[in-house]
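Protein chains in written order, with the working numbering: chain A, 13 to 327; chain B, 17 to 309.
Every residue gets a Cβ at the ideal spot worked out from N, C-alpha and C, and that includes glycine.
None of these values were measured; they are calculated from a predicted model.
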Amino acid sequence: MGKYIIKRILIAIPVLIGITIIDYAIMCLAGSPLQMLQGPRVSEAAVEAKAIALGLDKPFYIQYFVWLGQLLQGNMGYSMKSYQSVSAMIGSHLGPTLLLMGVSLLVGLLIAIPAGIYSAVHQYSAGDYAAVTFSFFGSSIPSFFLSLLLIFIFTVKLGWLPSSGMSTLGTSGSFGDVAKHMVMPVLVLAVSIAGRNIRYIRSAVLEILQQDYLRTARAKGIGRFLVINKHALRNALVPIVTVIGMEMPVLFGGAVIVEQVFSWPGLGLMTMSAISSRDYPVIMGVCLLSAIVVLVANLITDILYALVDPTIQLN
Amino acid sequence: MKQRNLDKKDIVSESYFQTVFRRFRRHRLAAVSLIILIILGAAALLAPVIAPYDPNEIVGGFSNAPGREFWLGTDQIGRDVFSRLLYAMRVSLLVGILATLISTAVGVVLGLIAGYFGKAADMIIMRFTDMVMSFPYILLVLVAASIFRPGMWSIILILGFVDWPGIARLVRGNVLSLRETNFVKGNIVAGMPLRHILFSEILPNTVAPILVYATSVLALSMLDEAALSFLGMGVQPPTASLGNMLNGAQSLTVLTKQPWLWLPPGLLIVVLVMAINFIGDALRDALDPNSRR
Numbered sequence: 013m014g015k016y017i018i019k020r021i022l023i024a025i026p027v028l029i030g031i032t033i034i035d036y037a038i039m040c041l042a043g044s045p046l047q048m049l050q051g052p053r054v055s056e057a058a059v060e061a062k063a064i065a066l067g068l069d070k071p072f073y074i075q076y077f078v079w080l081g082q083l084l085q086g087n088m089g090y091s092m093k094s095y096q097s098v099s100a101m102i103g104s105h106l107g108p109t110l111l112l113m114g115v116s117l118l119v120g121l122l123i124a125i126p127a128g129i130y131s132a133v134h135q136y137s138a139g140d141y142a143a144v145t146f147s148f149f150g151s152s153i154p155s156f157f158l159s160l161l162l163i164f165i166f167t168v169k170l171g172w173l174p175s176s177g178m179s180t181l182g183t184s185g186s187f188g189d190v191a192k193h194m195v196m197p198v199l200v201l202a203v204s205i206a207g208r209n210i211r212y213i214r215s216a217v218l219e220i221l222q223q224d225y226l227r228t229a230r231a232k233g234i235g236r237f238l239v240i241n242k243h244a245l246r247n248a249l250v251p252i253v254t255v256i257g258m259e260m261p262v263l264f265g266g267a268v269i270v271e272q273v274f275s276w277p278g279l280g281l282m283t284m285s286a287i288s289s290r291d292y293p294v295i296m297g298v299c300l301l302s303a304i305v306v307l308v309a310n311l312i313t314d315i316l317y318a319l320v321d322p323t324i325q326l327n
Numbered sequence: 017m018k019q020r021n022l023d024k025k026d027i028v029s030e031s032y033f034q035t036v037f038r039r040f041r042r043h044r045l046a047a048v049s050l051i052i053l054i055i056l057g058a059a060a061l062l063a064p065v066i067a068p069y070d071p072n073e074i075v076g077g078f079s080n081a082p083g084r085e086f087w088l089g090t091d092q093i094g095r096d097v098f099s100r101l102l103y104a105m106r107v108s109l110l111v112g113i114l115a116t117l118i119s120t121a122v123g124v125v126l127g128l129i130a131g132y133f134g135k136a137a138d139m140i141i142m143r144f145t146d147m148v149m150s151f152p153y154i155l156l157v158l159v160a161a162s163i164f165r166p167g168m169w170s171i172i173l174i175l176g177f178v179d180w181p182g183i184a185r186l187v188r189g190n191v192l193s194l195r196e197t198n199f200v201k202g203n204i205v206a207g208m209p210l211r212h213i214l215f216s217e218i219l220p221n222t223v224a225p226i227l228v229y230a231t232s233v234l235a236l237s238m239l240d241e242a243a244l245s246f247l248g249m250g251v252q253p254p255t256a257s258l259g260n261m262l263n264g265a266q267s268l269t270v271l272t273k274q275p276w277l278w279l280p281p282g283l284l285i286v287v288l289v290m291a292i293n294f295i296g297d298a299l300r301d302a303l304d305p306n307s308r309r
């Protein structure tokens with residue numbers, strides 16, 4: 013097992029380096045952040061001095077190695093706009109995003125797994141049709157439109173829930189207050205997670221239900237409850253692990269839009285403002301972080317496979 | 017052993033397309049979706065004929081409520097919402113279809129090369145696919161959209177060149193298994209040209225899964241166009257797209273007082289994407305060669 017993990021990490025390293033190169037090349041094609049500075053009140057000499065100070069006068073491959081060298085020392089650079097260090101900015105925005113993502117993933121799976129298993133076990137029943145239709149609906153509705161609908165209903169019409177931020181302004185954010193602010197963003201993300209995965213889990217469980225070992229279990233006469241809960245569910249863990257692995261990158265990006273609509277103070281909101289002001293070091297930092305998250309998620313998925321399915325050999 | 021007599025009329029023969037069509041029709045939701053999609057597609061195509069007003073012309077008062085004169089009201093600067101909706105659907109469908117065509121073409125070519133030639137080509141292409149897939153999708157699109165001047169054509173190109181990894185993996189997997197089949201080996205032994213083997217032997221046998229996958233890419237790219245345009249990084253006004261018509265709903269007056277400005281385009285996206293997803297699902301069943309029905 014240890015050998016396998018080391019091998020996987022070694023394979024991931026070139027992919028990671030490739031990602032930083034592609035990323036850096038795209039950024040450099042984008043144009044200079046100094047274009048934002050230029051104006052009638054800023055002299056050309058001042059812009060030039062700024063370029064030299066930021067190291068922007070050197071060719072881009074040298075800038076890339078400078079950046080990479082600093083990265084290996086744990087320095088992700090400084091924001092060109094606020095002069096804060098990128099790692100500190102990410103650090104202060106990571107918490108709210110992880111909270112939002114974690115709770116959404118949990119709620120989404122708590123909807124998707126029981127619904128998927130139920131509709132497979134009761135195939136072609138009314139409940140099955142309802143779950144599948146909900147699944148299509150969840151994967152077809154744009155998250156920003158669902159957000160607007162929820163804000164319209166729960167904030168504008170009913171006045172039950174706050175529509176922006178993480179806590180009421182001026183308060184330190186008690187547990188209840190944060191929870192209230194989280195209801196709508198979590199609901200939006202959870203509906204799309206459930207929508208994407210109900211049908212997937214359903215068809216995976218349907219396949220399991222047709223296996224010979226389940227027929228044997230039924231033939232033993234141990235009863236429907238034990239057949240489903242002991243023999244089928246244990247095997248359904250494999251597709252469920254796949255689902256969690258696949259959701260990680262989607263969640264990481266999907267939070268961007270939801271955070272924007274609900275002004276949730278997380279990484280997504282920070283990234284959007286960095287993108288609009290062409291704050292390269294910040295964008296690079298977020299891209300790198302998200303790529304690492306995806307690679308780590310893939311690795312964990314593969315290791316979990318081996319844990320839930322003893323027939324998979326890691327070699 | 018008793019011999020069963022079969023009359024010739026007992027054997028029903030049906031072509032591949034008849035089988036597919038028969039299986040497809042059994043999915044009632046998909047059949048309804050197809051009809052809805054054809055109607056909406058025709059409406060989008062015939063927008064210049066159907067639309068009562070010019071979509072970018074100021075024809076009425078500011079923010080008129082829906083009524084006899086303007087079916088879905090007018091927007092903040094007095095343009096007819098119904099006409100804009102028709103043209104928006106045209107733009108959104110065009111973006112979705114073209115982006116899907118580009119990504120399918122890129123994915124098929126890369127998948128064929130990786131799967132058939134293997135070795136170094138496979139290694140390089142698949143590692144590159146891993147890299148593209150490791151970026152959170154929407155982040156990649158947003159970064160690209162901020163770099164290139166936003167607009168309809170750049171959105172088409174961005175979505176087209178970001179959406180291909182799924183198809184590339186699918187095609188590669190199919191090619192790997194098809195390469196081991198006897199009919200492909202036979203072609204190689206017979207010395208058929210590579211072009212013939214790749215495009216006339218292997219590709220037709222993997223069209224069905226590509227088609228199914230392409231419908232989900234179409235649904236996804238229409239959702240992405242809407243999200244990007246909503247964020248102001250997609251199709252730019254005055255050109256209407258379903259996403260940027262919702263952009264106005266970020267302001268509180270529009271959201272609370274003028275639901276006719278943002279509800280119709282939002283619902284239209286849901287209907288279009290859902291119809292495409294239903295059709296894709298039915299196609300998956302209808303094209304499944306292992307199905308006995």
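(request) Closer than 6 Å by C-beta to Asn-203 (chain B): which residues in its own chain qualify, once you throw out the five before and the five after it? Chain order, please. (result) Annotation for Asn-203 (chain B): Ile-213 and Glu-217 place their beta carbon closer than 6 Å to its own, counting only its chain and skipping 5 residues before and after.
(message) Distance check for Ile-129 (chain B) and Val-200 (chain B), CA to CA, integer angstroms please.
(response) The C-alpha of Ile-129 (chain B) is placed about 15 Å away from the C-alpha of Val-200 (chain B).
(request) Quick one: which residues of the stretch 148-168 of chain B get their C-beta closer than 9 Å to a C-beta of chain A? List them in chain order. (result) Shown in chain order are the members of the stretch 148-168 of chain B whose Cβ falls below 9 Å from a Cβ of chain A: Val-148, Met-149, Ser-150, Phe-151, Pro-152, Tyr-153, Ile-154, Leu-155, Leu-156, Val-157, Leu-158, Val-159, Ala-160, Ala-161, Ser-162, Ile-163 and Phe-164.
(request) Rank A:Leu-307, A:Leu-301, A:Asn-209 and A:Asn-310 by C-alpha distance to the C-alpha of Ile-102 (chain A) and give the top, closest one. (result) Closest by alpha carbon: A:Leu-301.
(request) Specify, as a first and last residue, the run of the alpha helix (DSSP H) that Met-88 (chain A) falls within. (result) Segment: none, Met-88 (chain A) is in no alpha helix (DSSP H) and carries neither H nor E.
(request) Kindly indicate if chain B contains any beta-carbon less than 8 Å away from that of Val-294 (chain A). (result) Answer no: the Cβ-Cβ gap between Val-294 (chain A) and chain B never drops below 8 Å.
(request) Would you tell me roughly how many angstroms separate the C-alpha atoms of Leu-258 (chain B) and Gln-82 (chain A), rounded to the nearest one? (result) Distance between the alpha carbons of Leu-258 (chain B) and Gln-82 (chain A): 44 Å.
(message) In this structure, how does DSSP classify Ser-275 (chain A) when only helix, strand and coil are distinguished?
(response) When DSSP states are grouped into helix, strand and coil, Ser-275 (chain A) belongs to the coil group.
(message) By the three-class DSSP mapping on this structure, what secondary structure does Asp-179 (chain B) have?
(response) Three-state result, Asp-179 (chain B): coil.
(request) With DSSP as the reference, label Thr-269 (chain B) as helix, strand or coil. (result) DSSP places Thr-269 (chain B) in helix when its eight states are reduced to three.
(message) Is Met-290 (chain B) close to chain A? Criterion is C-beta to C-beta, closer than 8 Å.
(response) Chain A contact via Cβ: present.
(request) Assign Met-17 (chain B) to buried or exposed, taking buried as 16 or more other Cβ atoms, counted over all protein chains shown, within 10 Å of its Cβ. (result) Its pLDDT being 49, under 50, Met-17 (chain B) is placed unreliably by the model, and the measurement read from it follows with that caveat. Met-17 (chain B) is exposed by the Cβ-count criterion.
(message) Could you compute how far the alpha carbon of Ile-123 (chain A) sits from the alpha carbon of Ile-66 (chain B)?
(response) A direct Cα-to-Cα measurement between Ile-123 (chain A) and Ile-66 (chain B) gives close to 43 Å.
(message) According to DSSP, is Thr-255 (chain B) part of a helix, a strand, or is it coil?
(response) Thr-255 (chain B) falls in the coil class under three-state DSSP.
(request) Round the Cβ separation of Ala-267 (chain A) and Gly-280 (chain A) to the nearest angstrom and send it over; I've been treating them as touching at under 8 Å. (result) Contact holds; Cβ gap of about 5 Å.
(request) Please confirm whether Val-168 (chain A) and Val-270 (chain A) have their CB atoms less than 8 Å apart. (result) Val-168 (chain A) places its beta carbon 8 Å or farther from that of Val-270 (chain A).
(message) Just checking Asp-179 (chain B) against the ligand ADP - is the residue's beta carbon closer than 7 Å to any of the ligand's heavy atoms?
(response) For the ligand ADP, the structure offers nothing, since it holds no ligand at all.
(request) Under 8 Å by Cβ, that's how I've got Ala-235 (chain B) and Asn-293 (chain B) pegged, so tell me the actual separation to the nearest angstrom. (result) Right, their Cβ atoms sit about 5 Å apart.
(request) State the Cα-Cα distance for the pair Val-113 (chain A) and Asp-314 (chain A), rounded to the nearest angstrom. (result) A small correction: the amino acid at residue 113 (chain A) is Met; Val does not occupy that position in the sequence shown. Computed Cα separation, rounded: 21 Å.
(request) Kindly indicate if chain A contains any beta-carbon less than 8 Å away from that of Gly-282 (chain B). (result) Residue contact with chain A for Gly-282 (chain B): present (Cβ-Cβ distance below 8 Å to some residue of chain A).
(request) Closer than 8 Å by C-beta to Arg-20 (chain A): which residues in its own chain qualify, once you throw out the five before and the five after it? Chain order, please. (result) Contacts found: Leu-311 and Asp-314.
(message) Looking only at its chain, what residues have a beta carbon closer than 8 Å to the beta carbon of Leu-271 (chain B), apart from the 5 residues adjacent to it on each side?
(response) Cβ neighbours of Leu-271 (chain B) within its own chain (closer than 8 Å, five residues either side excluded): Ala-265 and Trp-278.
(request) Output, in chain order, the set of chain A residues within a Cβ distance shorter than 9 Å of Ala-104 (chain B). (result) Within 9 Å Cβ-Cβ: nothing; Ala-104 (chain B) doesn't reach chain A, min ~14 Å.
(request) Please list, in chain order, all residues of the same chain as Ala-261 (chain B) whose beta carbon is under 6 Å from its beta carbon, the five residues on each side excluded. (result) A small correction: the amino acid at residue 261 (chain B) is Met; Ala does not occupy that position in the sequence shown. Short of 6 Å from the beta carbon of Met-261 (chain B), and not among the five residues preceding or following it, lie these beta carbons of its own chain, in chain order: Ala-104 and Pro-281.
(request) Would you identify the three-state DSSP class for Thr-90 (chain B), choosing helix, strand or coil? (result) Reduced to three states, the DSSP call for Thr-90 (chain B) is strand.
(request) Quick one: which residues of the stretch 117-138 of chain A get their C-beta closer than 9 Å to a C-beta of chain B? List them in chain order. (result) Residues passing the 9 Å Cβ filter: none.
(message) Can you tell me whether Pro-126 (chain A) is buried or exposed? The criterion is at least 16 other CB atoms within 10 Å of its CB, across all chains shown.
(response) Residue environment for Pro-126 (chain A): exposed (fewer than 16 other C-beta atoms within 10 angstroms of its C-beta).
(request) Taking the CB atoms as reference points, tell me whether Val-306 (chain A) and Pro-251 (chain A) lie closer together than 8 Å. (result) No. Outside cutoff.
(message) Give me the DSSP bridge partner(s) of Asp-96 (chain B).
(response) Per DSSP, B:Thr-90.
(message) For a contact defined as C-beta to C-beta under 8 Å, what are the partners of Gln-272 (chain A) on chain B?
(response) Leu-247, listed in chain order.
(request) Look at Gly-150 (chain A) and Ser-204 (chain A) and say whether their C-beta atoms are less than 8 Å apart. (result) Contact: yes.
(message) Let me make sure I understand the geometry here. Which of A:Leu-162, A:Leu-249 and A:Ile-220 has the alpha-carbon closest to that of Phe-274 (chain A)?
(response) When the alpha-carbon of Phe-274 (chain A) is set against those of A:Leu-162, A:Leu-249 and A:Ile-220, the nearest one is in A:Leu-162.
(request) State the beta-bridge partners of Ser-97 (chain A) as determined by DSSP. (result) Its beta-bridge partners are A:Tyr-90.
(message) Measuring only the C-alpha atoms, how far is Ile-234 (chain A) from Asp-140 (chain A)?
(response) If I take the Cα positions, the gap works out to 25 Å.
(message) According to DSSP, simplified to helix, strand and coil, what is Pro-275 (chain B)?
(response) Here Pro-275 (chain B) carries a helix assignment [DSSP, helix/strand/coil].
(request) List the whole-angstrom C-beta distance separating Asn-72 (chain B) from Arg-95 (chain B), where the pair is believed to meet the contact cut-off of C-beta under 8 Å. (result) That pair is a contact at about 7 Å.
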